[in-house]
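Adding 44 to a residue's 1-based position in the sequence shown gives its number in my numbering.
A virtual CB, placed ideally from N, CA and C, is assigned to each residue, including glycine.
The structure presented is a predicted model; accordingly, all values stated were derived computationally and were not measured.
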Amino acid sequence: MKKQVLNNVYWVGKMDWELEEFHGSEFSVHHGSSQNAYLVKEEKTVLIDTVWTPHKEEFVKNLKSEIDLKEIDYIVLNHGEPDHSGSLPEIMEEIPDTPIYCTNNGKKSLIGQYHHPEWDYRTVKTGDSIDIGNGKSLVFVEMTMLHWPDSMATYMTGDNILFSNDAFGQHYALNELFNDQADQTILWNEAMKYYANILTPFSAFASKKIKEIVGMNLPIDIIAPSHGSIWRENTLEIVNKYAQWADSYKEDQVTIIYDSMWGATQKIAHKIAEDIRELSPSTRTKVLSVVDADRNDIMTEVFKSKAIALGSPTVGRSAITTVSGWLHFLQELKFKDKVAGVFGSYGWSGEGNKVLREELTKAGFEVIDDELKAMWMPDDEFLANTKEFSKALLDASSLDK
């Protein structure tokens, strides 16, 4: 069922309450999500995006209950990823001659996925527009690498709505639809998690694009993303947050991340946390196991942190595989201006810390020289001498530097 966004603009998407993972199993979803599609009914009728393939029949059925599909003059595909375009083939079976507005890379993506080169693609670039009547236009803004090469946003003049695609979204299902009606804690936690785990590698593009949009002097009253709440109150707050998050974001937080075979590395992890709480009571400290904690939630905490301490036992002359796999994900995200320290335990050869140090350096972290390395189970004497490491970590990551 459609919901009014503003005037002749309606939400016609899918509220997916039961979604638990996204991008395959890459992204955990704790509060459901939405796939936001929009219907604009001015003198011209425009469908902006569709929903994911598993919901295509429901989507088309609901859309037909609101409008004769033959009345759709244009389809705008801001992004070719299947959660946005998955119902397009179902729509095009019924209205095969309808023009599809997308970027040139969007055309390549849609043809590559659905194998319909005969569709009427109208490729656009930043500044191109279409007149939809009643004195209103849709203006296109390329959003390259936010987060795919084909991404774009669409701005509707008159109503001053930015259909922002994946930018400014969250995986968060809320029947009320708008940010002012959302649980604010969930809303902002999910917005940060979304940025930290999906958009962080493209922060340089985000900074540039925000400046470009601001430079276009477009009045923006509503931001309507592809997932989560629609921003209609304090609309530019999320834009300002993105500007902060894109600028090597960090808070006064240290996160200790580890895995442990027999409890030795775990014991060191908790001792480091105790040290930091004693040395710097104002610093938020978190201890997370790569096995027990959700990996996307861990990355959100890393995103917030000025420093991390990473621990692993030595296994097979390397780090334990759970930590090694997590490090691969860390390297993908390309965090900037963060400090790290390494710690671990071993019984025979003890190469674990060396491997952690090398991999954290590859991930872009400044790794301190100090480290903690316990042979077998750390005893009271070992644990009484961990503060030097913790102090070095705090000193290297001082926000006053």
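Per DSSP, the unbroken beta strand (DSSP E) holding TRP55 starts and ends at 53 to 55. Measuring C-alpha to C-alpha distances from THR142 to each of LEU91, GLU125, MET305, TRP392 identifies LEU91 as the nearest. Between ILE342 and ILE301, the C-beta spacing is below 8 Å. When secondary structure is reduced to three states using DSSP, GLN375 falls in the helix class. Within the same chain, Cβ atoms closer than 6 Å to the Cβ of ALA440 are found at VAL383, ILE412, the five residues on either side in sequence being excluded. Taking each of GLY360, ILE352, GLU425, GLY369 in turn and checking the Cα distance to GLY408, the smallest one comes out for ILE352. As computed with DSSP, LYS330 is found in a beta bridge with THR299. Counting other Cβ atoms within 10 Å of its Cβ, LYS350 reaches 16 or more and is therefore classed as buried. Classified as exposed, GLU162 has fewer than 16 neighbouring CB atoms from the shown chains inside 10 Å of its CB. A direct Cα-to-Cα measurement between GLU402 and ASP414 gives close to 14 Å. A check of alpha carbon separations from SER153 across THR170, LEU132, ILE139 identifies LEU132 as the nearest. Per DSSP, the beta-bridge partners of ALA418 are SER389. Each of ALA268, TYR293, ILE254 was checked against the Cα of VAL283, and the nearest Cα belongs to ILE254.
SER173 places its beta carbon less than 8 Å from that of VAL183. For the pair of segments examined, the segment 60 to 77 was found not to touch the segment 100 to 118: the number of CB pairs separated by less than 8 Å stays below three.
Contact annotation: the segment 416 to 429 does not touch the segment 363 to 383, with fewer than three C-beta pairs closer than 8 Å.
Residue nearest to TRP306 within the set SER389, ALA235, THR94 is SER389 (criterion: CA-CA distance). Within the segment 171 to 199, the complete beta strand (DSSP E) segments at least 3 residues long are 173 to 177, 180 to 186, listed from N- to C-terminus.
Rounded to whole angstroms, the separation of the alpha carbons of GLY213 and TRP55 is 15 Å. Our two residues, VAL168 and ALA240, have alpha carbons roughly 29 Å apart in a direct line. According to DSSP, residue pairing for GLU322 in a beta bridge does not occur.
Secondary structure at LYS108: helix, using DSSP grouped into helix, strand and coil.
Rounded to whole angstroms, the gap between the alpha carbons of HIS215 and ARG276 is 18 Å. Between LEU113 and ILE135, the C-beta spacing is below 8 Å. Within the same chain, Cβ atoms closer than 6 Å to the Cβ of ASN397 are found at VAL386, GLY388, GLU415, LYS417, the five residues on either side in sequence being excluded.
Within 10 angstroms of the beta-carbon of ALA428 lie fewer than 16 other beta-carbons, which makes it exposed.
Per DSSP, the beta-bridge partners of PRO269 are ASN209.
In this structure, LYS330 lies near THR299, with their beta-carbon atoms less than 8 Å apart. VAL359 and TRP420 have their alpha carbons spaced roughly 13 Å apart.
When the alpha-carbon of GLY68 is set against those of LEU354, GLU125, PHE246, VAL53, the nearest one is in GLU125. The secondary-structure analysis by DSSP pairs LYS58 across a beta bridge with GLN79. By the C-beta density criterion, SER292 is exposed, having fewer than 16 other C-beta atoms within 10 angstroms. With a threshold of 16 other beta carbon atoms within 10 Å, GLN297 meets it and is buried. Exclusion of the five residues before and after TYR238 leaves GLY213, GLN214, HIS215, HIS271, GLY272 as the residues of its chain whose Cβ lies within less than 8 Å of its Cβ.
Rounded to whole angstroms, the gap between the alpha carbons of ASP164 and TRP289 is 38 Å. Secondary structure note for TYR286: its alpha helix (DSSP H) is the uninterrupted segment 281 to 289.
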